[in-house]
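Please read the structure below before turning to the comments.
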Amino acid sequence: MKELKLMKGNEAIAEAAIRCGVDGYFGYPITPQSEILEHLMSENPYDKTGMVVLQAESETASINMVYGGACLGKKVMTSSSSPGISLMQEGLSYMAGAELPALVVNVVRGGPGLGTIQPSQADYFQTVKGGGHGDYRLITLAPAFVQEMYDFVELAFELAFKYRNPVMILSDGIIGQVMEKVEVDDYKSRWTNEYIREQFPWAMTGKTADRPHRIITSLELEASRQEKVNLRLQSKYKDCEAQEVRYETTQCEDADYFIVAYGSSARISQKAVEVARENGIKVGLIRPITLWPFPSKAIQEITAKAKGILCVEMSAGQLIEDVKLAVECKIPVEHFGRFGGIIPSPAEVVEALHSKLM
Amino acid sequence: MKREDIVKPENLIYKRTSVLTDNVMHYCPGCGHGVIHRLIAEVVDEMGIQDKTLIVAPVGCSVLAYNYFDLDAAEAAHGRAPALATAMKRLRPDQFVLTYQGDGDLAAIGTAETIHACNRGENITMIFVNNGIYGMTGGQMAPTTLEGMKTATSPYGRDLSTMGNPLKITELIAQLPGSYYVTRQAVYTPALVRKCKKAIRNAFEYQKLNKGTSFVEIVSNCNSGWKLPPVKANQWLEEHMLPFFPLGDLKVPENK
Numbered sequence: 075m076k077e078l079k080l081m082k083g084n085e086a087i088a089e090a091a092i093r094c095g096v097d098g099y100f101g102y103p104i105t106p107q108s109e110i111l112e113h114l115m116s117e118n119p120y121d122k123t124g125m126v127v128l129q130a131e132s133e134t135a136s137i138n139m140v141y142g143g144a145c146l147g148k149k150v151m152t153s154s155s156s157p158g159i160s161l162m163q164e165g166l167s168y169m170a171g172a173e174l175p176a177l178v179v180n181v182v183r184g185g186p187g188l189g190t191i192q193p194s195q196a197d198y199f200q201t202v203k204g205g206g207h208g209d210y211r212l213i214t215l216a217p218a219f220v221q222e223m224y225d226f227v228e229l230a231f232e233l234a235f236k237y238r239n240p241v242m243i244l245s246d247g248i249i250g251q252v253m254e255k256v257e258v259d260d261y262k263s264r265w266t267n268e269y270i271r272e273q274f275p276w277a278m279t280g281k282t283a284d285r286p287h288r289i290i291t292s293l294e295l296e297a298s299r300q301e302k303v304n305l306r307l308q309s310k311y312k313d314c315e316a317q318e319v320r321y322e323t324t325q326c327e328d329a330d331y332f333i334v335a336y337g338s339s340a341r342i343s344q345k346a347v348e349v350a351r352e353n354g355i356k357v358g359l360i361r362p363i364t365l366w367p368f369p370s371k372a373i374q375e376i377t378a379k380a381k382g383i384l385c386v387e388m389s390a391g392q393l394i395e396d397v398k399l400a401v402e403c404k405i406p407v408e409h410f411g412r413f414g415g416i417i418p419s420p421a422e423v424v425e426a427l428h429s430k431l432m
Numbered sequence: 085m086k087r088e089d090i091v092k093p094e095n096l097i098y099k100r101t102s103v104l105t106d107n108v109m110h111y112c113p114g115c116g117h118g119v120i121h122r123l124i125a126e127v128v129d130e131m132g133i134q135d136k137t138l139i140v141a142p143v144g145c146s147v148l149a150y151n152y153f154d155l156d157a158a159e160a161a162h163g164r165a166p167a168l169a170t171a172m173k174r175l176r177p178d179q180f181v182l183t184y185q186g187d188g189d190l191a192a193i194g195t196a197e198t199i200h201a202c203n204r205g206e207n208i209t210m211i212f213v214n215n216g217i218y219g220m221t222g223g224q225m226a227p228t229t230l231e232g233m234k235t236a237t238s239p240y241g242r243d244l245s246t247m248g249n250p251l252k253i254t255e256l257i258a259q260l261p262g263s264y265y266v267t268r269q270a271v272y273t274p275a276l277v278r279k280c281k282k283a284i285r286n287a288f289e290y291q292k293l294n295k296g297t298s299f300v301e302i303v304s305n306c307n308s309g310w311k312l313p314p315v316k317a318n319q320w321l322e323e324h325m326l327p328f329f330p331l332g333d334l335k336v337p338e339n340k
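Those sequence lines, one after another, are chains U and Y.
Using the working numbering, the letters of the first sequence correspond one by one to residues 75 to 432.
Using the working numbering, the letters of the second sequence correspond one by one to residues 85 to 340.
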């Protein structure tokens, strides 16, 4: 029987990191996610598993510490909220270019600028369309429950090491702060240096006589070779798109209308589906779990005969672009969003279904 | 003649250390980087720690340093090498971790990472090559460009009233409780090369003690950026750079 704990989403991230054998966390405080660093510090993970936790001088330093740790084949992570994640874009681009695995958690708050400390989903574009410079992708997981905040930490590292690519958990201030029941695992031991030496022929483990020295870089000055690097990355992204799409459907079988929503908006939309069905409207919910790779094909197939799709998000309309691309604008796709830290209510979502699609 | 009389630095036949690769260096003729690379490689070789040394390269002229050292290496973003090195040393305290940075990298864009790594007392070695100019991008003003010095972005000379003062970051680092060994060296004469090698060796040895950051500034030349032939660049270094950046130890451990 697994142990049950009542935890905030942020604490679940921290607890999962310790228990699944993460080697290092480097972070800087910012609301609404500081509980991650606080929980890690209070749990003394170095004594439990040998996990290193360090409060850095900035988000810039944090992400570059993660870069350094990732070079060694270690499981390393950081977390922040929107303005801090903006500062990390340089590092994320370097890590994507150098093909390094790592986990970055964004507990999104309202923007732009210093914005607000209230929840938001307005960092969708930044996360799934690039954010930093160059043609790269971040594998993006969108948890909707505190349990998923916990579970996605281990999943993120599996994907990060499988594809040698940074993974983002794109959460928001609601899931970060809300308390729910979480099933936690036993403590797993961290990878040994010997295991890393055997498993990861790219990692910096110290140059020995039996192999050439290892260089981790995103620099290739010769254009024809840099294009090859890019082609290799693109082919990796294609594999990831073919294999890693995750989504969840609720009451889609007989639906005339669909809501597409992720994270907290999906939770709110789930209630909206119930309310709408009580009123005799057949609505289904599609919840993308991976935002990149995006479940385009699934959305297209499930909504093939739909009368309309409503994208519900705490932004001015970002996810909607990927949904429109998925259905190739063959059916009406509308957006309903509240932003700047406002959380939409299920009643507002039902009202939007009526006013925008019926 | 006794063996001791023969085995003197002057009589030894030197060969290139195996810790350097066979790649042809891209540095300008007369540049100090090649000498400094070799000194680091020799120290790693002599200490027998090639399999335990991780090096972080900067952005700047030495951006390709990883091609020349036969060591496992990472290329940092501009200024961020101390952050990478911090994590590396904390996750692999059994390894020797080294950053190699220029003045733009370490003392301008990476000032925060530099100061905080040294202030935390990260148990790493930082090699700081200061030639008072941005060499790679074509000779622009650096944080260590001297007053009156002409560069591509200070074509009439550095005017302190509008462009600010050259930064003595090494003096600043020596003030921090986390720094353990701070020294300023140069490599433009054979005697100074030998002295510098000793300083680099000290810096590596101190990593074994786990007592803080060892920081070696090397005042170097940039004949291309300074627009001087190599010999004149070295003279200019002695006459102008050294009065502002005097050589010597700034902080040495008490019970050495």
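We put the beta carbon where it would ideally sit given N, CA and C, even for glycine.
Interface flag, residue i vs chain U, CB-CB below 8 angstroms
i, result
"Arg-174(Y)", "yes"
"Leu-190(Y)", "no"
"Lys-136(Y)", "yes"
"Glu-126(Y)", "no"
"Glu-130(Y)", "no"
"Gln-179(Y)", "yes"
"Ala-169(Y)", "yes"
"Arg-164(Y)", "yes"
"Ala-160(Y)", "yes"
"Ala-196(Y)", "yes"
Where the beta strand (DSSP E) through residue i begins and ends
i, result
"Arg-361(U)", "357 to 362"
"Pro-448(U)", "Limits of chain U in this structure are 75 at one end and 432 at the other, which puts residue 448(U) out of reach."
"Ala-270(Y)", "263 to 270"
"Lys-335(Y)", "332 to 335"
"Ile-110(U)", "Where Ile-110(U) is concerned, there is no enclosing beta strand (DSSP E), although the alpha helix (DSSP H) it sits in stretches over 108 to 116."
"Ala-196(Y)", "Note, Ala-196(Y): premise wrong, no beta strand (DSSP E); alpha helix (DSSP H) at 195 to 204."
"Tyr-120(U)", "Element bounds for Tyr-120(U): not the beta strand (DSSP E) but the alpha helix (DSSP H), 119 to 122."
"Glu-434(U)", "Residue 434(U) lies beyond the range of chain U shown here (75 to 432); nothing can be said about it."
Distance cut-off 7 angstroms: residue i Cβ against heavy atoms of the ligand GDP
i, result
"Ala-317(Y)", "Ligands displayed in this structure: none; no statement on the ligand GDP is therefore possible."
Simplified DSSP assignment, three categories, for residue i
i, result
"Met-278(U)", "coil"
"Gln-129(U)", "strand"
"Cys-115(Y)", "coil"
"Asn-353(U)", "coil"
"Gln-195(U)", "coil"
"His-409(U)", "strand"
"Ala-335(U)", "coil"
"Asp-259(U)", "coil"
"Asp-156(Y)", "strand"
"Lys-82(U)", "strand"
"Gly-101(U)", "strand"
"Ile-139(Y)", "strand"
"Met-169(U)", "helix"
Span of the alpha helix (DSSP H), counted from its first residue to its last, around residue i
i, result
"Glu-375(U)", "370 to 376"
"Lys-256(Y)", "In the sequence under discussion, the amino acid at residue 256(Y) is Leu, which differs from the Lys named in the question. Counting along the chain, the alpha helix (DSSP H) containing Leu-256(Y) begins and ends at 253 to 259."
"Cys-59(Y)", "Since the first residue of chain Y shown is 85 and the last is 340, residue 59(Y) is not available in this structure."
"Ala-169(Y)", "165 to 175"
"Asn-305(Y)", "Neither: Asn-305(Y) is in no alpha helix (DSSP H) and is coded neither H nor E."
Closer than 8 angstroms to chain Y by CB, residue i
i, result
"Thr-279(U)", "yes"
"Glu-164(U)", "yes"
"Thr-282(U)", "yes"
"Cys-314(U)", "no"
"Glu-272(U)", "no"
"Ala-269(U)", "Before going further, note that residue 269(U) is Tyr rather than Ala in the sequence given. Not an interface residue."
"Met-139(U)", "yes"
"Lys-293(U)", "In the sequence under discussion, the amino acid at residue 293(U) is Leu, which differs from the Lys named in the question. Yes, Leu-293(U) lies at the interface with chain Y (some Cβ there is under 8 angstroms from its Cβ)."
"Val-178(U)", "no"
"Lys-148(U)", "yes"
"Ser-132(U)", "yes"
"Tyr-168(U)", "yes"
Test: residue i CB closer than 8 angstroms to a CB of chain C
i, result
"Ala-236(Y)", "Here the protein chains are U and Y, and chain C is not one of them."
Inset, instruction - Could you list the residues in the segment 143 to 157 of chain Y with a C-beta less than 7 angstroms from some C-beta on chain U, going in chain order? - result: Cβ contacts with chain U: Val-147, Tyr-150, Asp-154, Leu-155, Asp-156, Ala-157.
Quiz item: Within the chosen definition, does the segment 90 to 105 of chain U reach the segment 144 to 161 of chain U through at least 3 CB pairs nearer than 8 angstroms?
Solution: The segment 90 to 105 of chain U is in contact with the segment 144 to 161 of chain U.
Would you check if there are 3 or more beta carbon pairs closer than 8 angstroms linking the segment 228 to 238 of chain U to the segment 168 to 179 of chain U?
-> Three or more Cβ pairs drawn from the segment 228 to 238 of chain U and the segment 168 to 179 of chain U lie within less than 8 angstroms of each other, which places the two stretches in contact.
Open item on the list: With three or more C-beta pairs closer than 8 angstroms as the rule, is the segment 265 to 280 of chain U touching the segment 140 to 148 of chain U?
Closed with: Per the Cβ contact rule, the segment 140 to 148 of chain U is in contact with the segment 265 to 280 of chain U (3 or more Cβ pairs under 8 angstroms).
Chain-ordered residues of the segment 150 to 164 of chain U with a beta carbon less than 8 angstroms from chain Y = Here the close residues are Val-150, Glu-164.
Self-check item: the segment 220 to 228 of chain Y / the segment 275 to 289 of chain Y touching (three or more Cβ pairs under 8 angstroms)
Solution: By the criterion of at least three beta-carbon pairs nearer than 8 angstroms, the segment 220 to 228 of chain Y is not in contact with the segment 275 to 289 of chain Y.
Output, in sequence order along the chain, the residues in the segment 105 to 126 of chain Y whose CB is closer than 8 angstroms to any CB in chain U. Listed in chain order, the positions of the segment 105 to 126 of chain Y with a beta carbon within less than 8 angstroms of a beta carbon of chain U are Thr-105.
Review point. Quick one: any contact between the segment 183 to 196 of chain U and the segment 310 to 330 of chain U, if contact means 3 or more CB pairs under 8 angstroms?
Key: Taking a cut-off of 8 angstroms on C-beta distances, the segment 183 to 196 of chain U does not touch the segment 310 to 330 of chain U, as fewer than three cross pairs fall below it.
Next on the checklist: Taking contact to mean 3 or more Cβ pairs, one atom from each stretch, closer than 8 angstroms, check whether the segment 241 to 261 of chain Y and the segment 199 to 208 of chain Y are in contact.
Outcome noted: With three or more CB-CB distances shorter than 8 angstroms, the segment 241 to 261 of chain Y counts as touching the segment 199 to 208 of chain Y.
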